[in-house]
Structure formats: C-alpha cells, structure tokens
Amino acid sequence: MLNVVGWLLFTMFSGDPWLPSLGTGLVAVGLGWAGLIVFRTRDEVWDRPSTVRTTEA
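Residues in the sequence shown are numbered consecutively from 1, following the UniProt record's numbering.
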C-alpha cells in the first residue's frame with residue numbers, strides 16, 4: 001500500500017520543484033517511525049525478566 005502511495009505522490013509532483021523536499025520529508029518520517037519501533041522493542045526486551053539459568057556444580 002505504501003508503495004502505491006509513493007508512486008502516486010511521485011507522479012503528482014514529478015514536475016514540481018517541491019519533489020526533493022517532499023521525498024526528504026517522507027524519508028525523515030519513515031526513519032523516525034522505524035526508530036520509534038526500535039526503541040519500543042528495546043524497552044520491551046530490557047523490561048523482561050531474565051530467563052538465563054545458571055547451573056552450579
């Protein structure tokens with residue numbers, strides 16, 4: 001779905017001088033979204049109780 005939206009935006013603004021700014025903005029939003037997912041996942045992993053078992057002989 002995102003690919004279709006990207007192509008529609010590209011064809012709409014292909015002759016527009018704003019296209020580079022629009023593309024840069026979309027990349028920034030995408031990277032921010034990916035970073036948010038990474039940070040949330042990191043927090044979930046760190047909040048889990050440790051399941052590492054140590055064996056003492």
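Don't be surprised by glycine CBs; every beta carbon is placed ideally from N, CA and C.
Quick check: what's the CA-CA separation for L31 versus G25?
On the sequence shown, residue 31 is found 31 positions in, with the first residue counted as 1. On the sequence shown, residue 25 is found 25 positions in, with the first residue counted as 1. Rounded to whole angstroms, L31 to G25 spans 10 Å at the Cα level.
If you run the structure through DSSP and keep just helix, strand and coil, what is R48?
In the sequence shown, counting from the first residue as 1, residue 48 sits at position 48. In this structure, R48 counts as coil in the three-state DSSP scheme.
Our contact map puts L36 next to L22 with C-beta atoms below 8 Å; I'd like the distance itself, whole angstroms only.
Taking the sequence shown and counting its residues from 1, the one referred to as residue 36 is at position 36. Taking the sequence shown and counting its residues from 1, the one referred to as residue 22 is at position 22. About 21 Å separates the two Cβ atoms, so there is no contact after all.
Return the CA-CA distance between P49 and V5, expressed in angstroms with no decimal places.
Position 49 of the sequence shown holds residue 49. Position 5 of the sequence shown holds residue 5. Straight-line Cα distance between these residues: approximately 41 Å.
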